[in-house]
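Student: Take the sequence shown: its letters are residues 1 to 398, numbered as in UniProt numbering.
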Amino acid sequence: MSVVKTVRLESPFQHADEGQPTLSPDRIRCARETAGLSKVQLAESLGVTTRTIANYEEDGAPSSKGYALAEVLGVRPSFFSVLPDEPPIEDLSSEQVWFRSLRKSTVKQRKSAVGHGRNALLFFRWITDHFKLPEDDLPIEDGISATPVECAMVLRGDWGFGENPLPSLLSLAESHGIRVFSMPDVGREVDAFSFVFDNVPYIAVDMSKTPERRRFDIAHEIGHLVMHATSLTESERRLRDVEKEAHEFAANLLMPERRFKSVVPAHASLDQILSAKRYFGVAAMAVAYRAHALGRLTDWEYRSVCSALSARGYRSGEPKGIKPETSQVFEFIVRSNRDKGISTNTIAEETGLSSKELHGLSFGNLMAVTGGNNSVSVDGNEFARPQLKLHVNKRMTN
Numbered sequence: 001m002s003v004v005k006t007v008r009l010e011s012p013f014q015h016a017d018e019g020q021p022t023l024s025p026d027r028i029r030c031a032r033e034t035a036g037l038s039k040v041q042l043a044e045s046l047g048v049t050t051r052t053i054a055n056y057e058e059d060g061a062p063s064s065k066g067y068a069l070a071e072v073l074g075v076r077p078s079f080f081s082v083l084p085d086e087p088p089i090e091d092l093s094s095e096q097v098w099f100r101s102l103r104k105s106t107v108k109q110r111k112s113a114v115g116h117g118r119n120a121l122l123f124f125r126w127i128t129d130h131f132k133l134p135e136d137d138l139p140i141e142d143g144i145s146a147t148p149v150e151c152a153m154v155l156r157g158d159w160g161f162g163e164n165p166l167p168s169l170l171s172l173a174e175s176h177g178i179r180v181f182s183m184p185d186v187g188r189e190v191d192a193f194s195f196v197f198d199n200v201p202y203i204a205v206d207m208s209k210t211p212e213r214r215r216f217d218i219a220h221e222i223g224h225l226v227m228h229a230t231s232l233t234e235s236e237r238r239l240r241d242v243e244k245e246a247h248e249f250a251a252n253l254l255m256p257e258r259r260f261k262s263v264v265p266a267h268a269s270l271d272q273i274l275s276a277k278r279y280f281g282v283a284a285m286a287v288a289y290r291a292h293a294l295g296r297l298t299d300w301e302y303r304s305v306c307s308a309l310s311a312r313g314y315r316s317g318e319p320k321g322i323k324p325e326t327s328q329v330f331e332f333i334v335r336s337n338r339d340k341g342i343s344t345n346t347i348a349e350e351t352g353l354s355s356k357e358l359h360g361l362s363f364g365n366l367m368a369v370t371g372g373n374n375s376v377s378v379d380g381n382e383f384a385r386p387q388l389k390l391h392v393n394k395r396m397t398n
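1. Could you compute how far the alpha carbon of His359 sits from the alpha carbon of Phe330?
2. With contact counted as at least three CB pairs below 8 Å, one residue from each stretch, are the stretch 220–228 and the stretch 318–333 in contact?
3. Have a look at Ala35 and Gly74 and give me their C-alpha separation to the nearest angstrom.
4. Would you list the residues sitting across from Phe193 in a DSSP beta bridge?
5. Have a look at Phe79 and Ser112 and give me their C-alpha separation to the nearest angstrom.
6. Give the list of continuous alpha helix (DSSP H) stretches no shorter than 4 residues that lie fully inside the stretch 261–332.
7. In chain order, which continuous runs of the alpha helix (DSSP H) of length 4 or greater are located wholly inside the stretch 47–88?
8. Using CA coordinates, which residue listed in Thr22, Gly47, Phe363 is at the minimum distance from Lys209?
9. Say the cut is 6 Å; is the CB of Ser171 nearer than that to a heavy atom of the ligand GTP?
10. Thinking C-alpha only, which one of Leu353, Arg240, Phe216 is nearest Ala286?
11. Quick one: using the 10 Å Cβ neighbour count with 16 as the cut-off for buried, is Gly372 buried or exposed?
12. Are three or more beta carbon pairs between the stretch 342–360 and the stretch 304–323 nearer than 8 Å?
13. Going along the chain, which residues of its own chain have a beta-carbon closer than 6 Å to the beta-carbon of Asp142, five neighbours each way excluded?
14. Please name the residue in Val154, Pro84, Leu121 whose C-alpha comes closest to that of Asn252.
15. Glu33 and Gly162: beta carbons closer than 7 Å?
16. Decide if Glu57 is buried, meaning its Cβ has at least 16 other Cβ atoms within 10 Å, or exposed.
17. Grab me the residues of Gly295's own chain with a C-beta within less than 8 Å of its C-beta, minus the 5 sequence neighbours each way, in chain order.
18. Ordered along the chain, which non-local residues of its own chain (more than five positions away) have a Cβ less than 7 Å from that of Pro319?
19. Using 7 Å as the threshold, is the C-beta distance between residue 399 and Val82 below it?
20. Per DSSP, Arg179 forms a beta bridge with which residues?
21. Cβ atoms of Pro148 and Glu245: under 7 Å apart, would you say?
22. When DSSP labels each residue in this structure, what does Phe131 get in the three-state scheme?
23. DSSP state of Leu166, grouped into three classes?
24. How many angstroms separate the CA atom of Ala283 from the CA atom of Ile273?
25. Kindly list the residues whose CB is nearer than 7 Å to the CB of Ala291, restricted to its own chain and excluding five residues on each side of it in sequence; keep chain order.
26. For Val149, report the span of its alpha helix (DSSP H) as first-last.
27. Just to confirm the assignment, what range does the alpha helix (DSSP H) spanning Met227 have?
28. So what's Leu353 in DSSP terms, helix, strand or just coil?
29. Determine which residues share a DSSP beta bridge with Leu23 and list them.
30. Measuring straight from C-alpha to C-alpha, what distance separates residue 446 and Ser64?
31. Starting from the C-beta of Tyr67, find all residues in its chain whose C-beta is less than 7 Å away, skip the five residues before and the five after it, and write them out in chain order.
32. Go ahead and label Val196 buried or exposed: buried means 16 or more other beta carbons lie within 10 angstroms of its beta carbon, across all protein chains shown.
33. For Glu10, count neighbouring Cβ atoms within 10 angstroms of its own Cβ and tell me buried if that reaches 16, exposed if not.
34. Run through DSSP, which three-state label would Val114 get?
35. From Ser175 to Leu37, what does the alpha carbon distance come to, in whole angstroms?
36. Excluding the 5 residues flanking Lys108 on each side, which residues of the same chain have their C-beta closer than 7 Å to its C-beta?
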């Protein structure tokens, strides 16, 4: 009997697992921060030393570690392989982000929030590769020397609403080129935030809030984008109360003073406060605060109204509130992808993000419902829906 020897020929290609770093060190760090893990926690999950994780984040990791890293950090292995035309998401840092609730969130929570913002950059890059989104037309540079009231009124004029109540602020922001996304997991701690990346404005929304408070958060973040995003130095940030300025901007954007005074009389009753809440589509407590600030309620009346609203559940919620605003951008994308047979798994693989993350960033893929006259209803008031036109990039559909 003859014995046949099997000879294994060496591959002319270098093995990926020969210790050569092939996974992006920056992407490993970004994924770890988004997951809210320390280097020690990640090392324990992978069964390696903390020094190994440090090396991964300094020099990269072998490609054979991609699946293990992806499983622990909640991404796809493709997340760690950076393509030449992808945005440098690691350039987005906490210092570039305007947080709605800076004081009540920890450094770890803010890093995680920024991480979801980086993921949103990848998601929107995929979207803009396949669809044409509206161009940003925020008057950012015009807001440098203007007051919050002036900025709000200029923006209202630019958007063509004068002093009338605003329709869906989410759709309105999208129609003017702001990329709005929802925050997975960390929303309750950081509230909402905004930033400008590559000259494009972004707003992250906390879905755990009532629709009325989400409207105010979006208005607040638009204030940051208009007044602060590109014009303030670090020293100016410390000298100015930018959160107060953004709050004042939001109040005037949603409840312009002259129209507010025509709707809310002096010494307004509780019923009149609730009527104004429905008219402007804002929280009842926000109306009471605005009424007090504009002299429609005395100190005693304001305390009494707040007490009555609290007793009715308006401090923690909005009984009989407005319907949640939905995203026209993600509604269009979901419908278009369904028609073309593009699955969420396809987007996940091409972006490197998990299906869960894509779901969390896209408002849960909720569908907006409109009336036959293409209008939006806010507690019985019909408003024209802002016209948002998206077009499929034909070069991507062949």
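A virtual CB, placed ideally from N, CA and C, is assigned to each residue, including glycine. Given the structure is predicted, the values throughout are model-derived calculations rather than measurements.
Tutor: The short version:
1. Translated into positions along the sequence shown, residue 359 becomes position 359. Translated into positions along the sequence shown, residue 330 becomes position 330. Their backbone Cα atoms lie some 10 Å apart in a straight line.
2. With the rule of 3 Cβ pairs closer than 8 Å, the stretch 220–228 does not count as touching the stretch 318–333.
3. Locating residue 35 in the sequence shown gives position 35, where the first residue counts as 1. Locating residue 74 in the sequence shown gives position 74, where the first residue counts as 1. Each residue's alpha carbon lies about 7 Å from the other.
4. Here residue 193 refers to the residue found at position 193 of the sequence shown. Note: Phe193 sits in a beta bridge opposite Phe99, Ala204.
5. As a first step, residue 79 is located in the sequence shown; it is residue number 79 there, counting from the start. As a first step, residue 112 is located in the sequence shown; it is residue number 112 there, counting from the start. Linking Phe79 to Ser112 through their CA atoms gives a straight-line distance of about 16 Å.
6. With a minimum length of 4 residues, the continuous alpha helix (DSSP H) runs that stay inside the stretch 261–332 are 270–280, 284–293, 299–311.
7. Unbroken alpha helix (DSSP H) stretches of 4 residues or longer found wholly inside the stretch 47–88: 50–59, 66–73, given in chain order.
8. As a first step, residue 209 must be located in the sequence shown, where it is residue number 209. Closest by alpha carbon: Phe363.
9. What this structure holds is no ligand at all, so the ligand GTP is not there to describe.
10. Taking the first residue of the sequence shown as 1, we reach residue 286 at position 286. Ranking Leu353, Arg240, Phe216 by CA distance to the CA of Ala286 puts Phe216 first.
11. As a first step, residue 372 must be located in the sequence shown, where it is residue number 372. At Gly372, the pLDDT of 41 sits below 50, so the modelled position is not reliable; the number obtained from the coordinates is stated separately. Under this definition Gly372 is an exposed residue.
12. Because the criterion of three Cβ pairs below 8 Å is not met, the stretch 342–360 and the stretch 304–323 do not touch.
13. Sequence index remark: in the sequence shown, residue 142 carries index 142 (1-based). In this prediction, Asp142 has a pLDDT of 49, which is less than 50 and means its spatial position is unreliable; what the coordinates show is noted afterwards. There are no such residues.
14. By one-based count along the sequence shown, residue 252 stands at place 252. Minimum Cα distance to Asn252 is reached at Val154.
15. Along the sequence shown, one-based indexing puts residue 33 at 33. Along the sequence shown, one-based indexing puts residue 162 at 162. At a Cβ-Cβ threshold of 7 Å, Glu33 and Gly162 do not count as neighbours.
16. As a first step, residue 57 is located in the sequence shown; it is residue number 57 there, counting from the start. Answer is buried; the Cβ neighbour count reaches 16.
17. Sequence index remark: in the sequence shown, residue 295 carries index 295 (1-based). Counting only residues of its own chain and dropping the five nearest sequence neighbours on each side, Gly295 has a CB closer than 8 Å to the CB of Ala266.
18. Stepping through the sequence shown from its first residue, residue 319 is reached at position 319. Excluding positions up to five away in sequence, the list reads Arg312, Gly313.
19. Shown here, the chain extends from 1 to 398; a query on residue 399 therefore has no answer.
20. As a first step, residue 179 is located in the sequence shown; it is residue number 179 there, counting from the start. As DSSP reads the structure, Arg179 sits in a beta bridge with Tyr202.
21. Here residue 245 corresponds to residue number 245 of the sequence shown, with the count starting at 1. Here residue 148 corresponds to residue number 148 of the sequence shown, with the count starting at 1. The Cβ atoms of Glu245 and Pro148 lie closer than 7 Å to each other.
22. Within the sequence shown, residue 131 is the residue found at index 131, counting from 1. In the structure shown, Phe131 sits in a strand (DSSP, three-state: E or B).
23. In the sequence shown, residue 166 corresponds to position 166, counting from 1. Of the three classes helix, strand and coil, the one that applies to Leu166 here is coil, per DSSP.
24. Here residue 283 refers to the residue found at position 283 when the sequence shown is read from its first residue. Here residue 273 refers to the residue found at position 273 when the sequence shown is read from its first residue. Computed Cα separation, rounded: 10 Å.
25. Taking the sequence shown and counting its residues from 1, the one referred to as residue 291 is at position 291. Apart from the 5 residues on each side of it in sequence, Ala291 sits with its Cβ closer than 7 Å to the Cβ of Val264, Ala268, Ile273, Leu297 in its chain, given in chain order.
26. On the sequence shown, residue 149 is found 149 positions in, with the first residue counted as 1. Start and end: 148–159.
27. Within the sequence shown, residue 227 is the residue found at index 227, counting from 1. Counting along the chain, the alpha helix (DSSP H) containing Met227 begins and ends at 211–227.
28. The residue you call residue 353 lines up with position 353 of the sequence shown. DSSP places Leu353 in strand when its eight states are reduced to three.
29. The residue you call residue 23 lines up with position 23 of the sequence shown. For Leu23, which the question treats as bridged, DSSP gives the partners Ala61.
30. It is not possible to answer for residue 446, since the shown part of the chain is limited to 1 through 398.
31. As a working note, residue 67 is residue 67 in the sequence shown. Take Tyr67, set aside five residues on each side of it, and the residues of its chain with a beta-carbon closer than 7 Å to its own are Pro77, in chain order.
32. Here residue 196 corresponds to residue number 196 of the sequence shown, with the count starting at 1. Buried.
33. If you number the sequence shown from 1, residue 10 lands on position 10. The predicted model places Glu10 with a pLDDT of 42, which falls under 50 and marks its position as unreliable; any figure quoted below should be read in that light. Exposed is the call here.
34. The residue you call residue 114 lines up with position 114 of the sequence shown. Residue state for Val114 is assigned as helix, using DSSP reduced to three classes.
35. Position 175 of the sequence shown, counting from 1, holds the residue named residue 175. Position 37 of the sequence shown, counting from 1, holds the residue named residue 37. Going by the C-alpha atoms only, they are around 36 Å apart.
36. In the sequence shown, residue 108 corresponds to position 108, counting from 1. Around Lys108: Gly36.
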